[in-house]
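Just so you know, we're using the numbering used here here: the sequence shown kicks off at 7 and counts up by one.
Backbone N, C-alpha and C define an ideal beta-carbon position, used for all residues, glycine too.
Structure first, commentary second.
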Amino acid sequence: MKETRAQQLKRHLGYGVGFFPDGLYYNFVTTYQLVFLTTVVGLDAARAGTIISVSIMADAFVSAFVGRFSDNLRSRFGRRRPLILVSAFILPASFTACYYNFQASPDAQAAYYLFFGVLFWVSYAIFFVAFTALGADVATDYEDRIRMISLSRVFSVTGDLLGSAAPLTVTAFLVGLGIAEDRSWFLFALTISSLVFVGIMTCWNSTRGRERVVTAPAEQQGILSTLKDYGDLLRLKPYRTLIYSKVSISFSFTTYSACMVYYVLYRMRIDPTFISSMFVVTNLIKMGFIVVVAKGALRYGKKELLVTSTGAMGILALLFIYRGINNTTEMYVYIIGCVYAQAAYWQLSNTNFYDVTDLDEYRYGKRREGNLMALQSLIAVLSIALTHRLTTLLLAQSGFDARLAEQSPQAIAMLERIFILFPAVGMLVCAFFLMRYRVNKQRFALLAEQLYRREQGLESLPPEDIAQIEMMFQ
């Protein structure tokens, strides 16, 4: 029976709510963890950067195994949802502990924040891999995936807003009530973690019965079998192309996010309250971009929209390199440009990877959504960790010290490079790789038809149609 629009909306919303904790935590951690560790806890930038980088590496390590594990899980509750349920408890608890001001010797502090940082990223990896892999089952059609993920962006942007705009405003409000600054950060972390728990549990409950039923026996687990899967996946050129683009945009987003607060405070000398208002405005604009991106992708194609968005933003950022960002108007122009390019990419990124799961089935006869999403996540996380480490090392080398009210000219110059030049390079490289991606709506429709014929034991498509399918692998 054909699904009604109301049923489709319910399905999209039930899955989409899972993007709320993803957007909230990711933006909060990438924007404020370095700030919290250096300004509230009092760690130096190099030590704090090491803690963050090593913690993120735990995500990469766990992602390498959780993908194949979920692909071969044969629980009566499904392959992905049991892992989502486990993460619903560990993820909020570990995040909250990361924003407790643990006062001890520097070594003891490092051990504390490293332990809970690792625990947070491990649970985040479990949730993210299982949740994103589940999306390929919840939506199976090319356009349906665009619509579902686009609607999901409402929850993602809401999480972005709470994770980026709210922290400084709420903590400042609590400090104004007489609550200590470190206590204010902890209370805010505790509050949003409660919301995250509700969001994950809602997603878990709403996706009941949505998973693809897998009847094939589970394959052998282990490092060698996982590496073999990774080898198969990396032979798919469309998959490699998407990974290269994601590494590039992750580099751009990480350098941009890590230094935004510092750039506003020390380069532009603007009151910190501007940061919160800026995040509010840009996240509200993101909401409008959801419709623009969705309609653009459906009309012109995902690839065309993403190449135009990232390429244009890269060129705009290059223009700002020569003159800097000197007032709030110029800052808004730069930020809105970055927000649009990044919003377009993150809105459509998972739909592209979902399409590759069908290419994998066509080429190798297997459904490996978990490993496919895990490997791209692993590589992206590694790039984020290395970028964080590079950022903090460059800041430390330039003489930057977050505890000082004034920064040296060398430190300001380095902030400018990291905040503007690095994102520009990342955007342009991302656009270059996306230009080489050959999957489109027409070819994907032929792919879906061929997979259906194969499953039903019917005659294969004509040679000219098979040739179009093969074009996607070139």
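Residues Gln474, Ile475, Met477 and Met478 of the same chain have their beta carbon placed closer than 8 Å to that of Arg449, with the five preceding and five following residues left out of the count. If you draw a 10 Å sphere on the C-beta of Ser111, you find fewer than 16 other C-beta atoms in it, and that means exposed.
Counting of Cβ neighbours within 10 angstroms places Arg373 among the buried residues, the total reaching 16 or more. Put simply, of Gly169, Ala411, Tyr31 and Ala99 the residue whose alpha carbon is nearest the alpha carbon of Ile281 is Gly169.
Contact check for Leu311 and Ala350: beta-carbon distance about 6 Å, within the 8 Å limit, so the pair qualifies. Proximity of the region 22-29 to the region 129-138 meets the contact definition, three or more beta-carbon pairs being nearer than 8 Å. Shown here for Ile276: same chain residues with a beta carbon closer than 6 Å to its own, the five before and five after excluded, namely Val270 in chain order. Inter-segment contact for the region 92-106 and the region 132-150 is present: three or more beta-carbon pairs are separated by less than 8 Å.
For Phe194, the enclosing alpha helix (DSSP H) has its first and last residue at Glu187 to Ser212.
A check of alpha carbon separations from Asn107 across Leu120, Ala145, Arg82 and Val47 identifies Val47 as the nearest.
For Ile327, same chain residues with a beta-carbon under 7 Å away, outside a window of 5 residues either side, are Ile426, Leu427 and Ala430 in chain order. DSSP places Ile321 in the uninterrupted alpha helix (DSSP H) bounded by Lys308 to Arg329. A Cβ-Cβ separation of about 6 Å places Ser389 in contact with Phe257 under the 8 Å criterion. Scanning the region 17-59 from its first residue to its last, the whole alpha helix (DSSP H) runs of 4-plus residues come out as 25-41. The C-beta distance from Thr177 to Phe194 rounds to 6 Å, short enough to meet the 8 Å contact threshold. Excluding the 5 residues flanking it on each side, Asp366 has same chain C-beta neighbours closer than 7 Å at Leu239, Leu242, Lys372, Arg374 and Leu378, in chain order. By the beta-carbon neighbour count (other beta carbons within 10 angstroms, threshold 16), Ser466 is exposed.
Within 10 angstroms of the beta-carbon of Gly215 lie fewer than 16 other beta-carbons, which makes it exposed.
The C-alpha of Cys209 lies about 33 Å from the C-alpha of Arg444.
In this structure the region 282-292 lies against the region 333-350, because at least three pairs of beta carbons, one per stretch, are closer than 8 Å. Pairing Gly205 with Val23 gives a Cβ-Cβ distance under 8 Å.
Between Phe122 and Ser158, the CB-CB gap reaches or exceeds 8 Å. Cys436 sits away from Thr261, with the two beta carbons spaced by 8 Å or more. Counted as a single uninterrupted DSSP element, the alpha helix (DSSP H) harbouring Val431 occupies residues Phe428 to Leu440.
In the displayed model, Met477 falls within a helix according to three-state DSSP. By the beta-carbon neighbour count (other beta carbons within 10 angstroms, threshold 16), Lys292 is buried. Here Tyr306 is not near Arg151, since their CB atoms are 8 Å or more apart.
Within 10 angstroms of the beta-carbon of Tyr458 lie fewer than 16 other beta-carbons, which makes it exposed.
The DSSP assignment places no complete beta strand (DSSP E) segment of no fewer than 3 residues inside the region 89-117.
Per DSSP, Thr357 is one residue of the alpha helix (DSSP H) stretching across Thr334 to Tyr370. Of all alpha-carbon atoms in Leu19, Gln39, Asn358 and Leu452, the one lying nearest the alpha-carbon of Val267 is that of Gln39. Annotated three-state conformation of Ala64 is helix, per DSSP.
Here Tyr368 really is in contact with Gln456; their C-beta atoms are around 7 Å apart, less than 8 Å.
Looking at Asn33, Thr45 and Ile57, the one whose alpha-carbon comes closest to that of Leu399 is Ile57. Annotation for Arg460: the continuous alpha helix (DSSP H) segment containing it runs Lys447 to Gln462.
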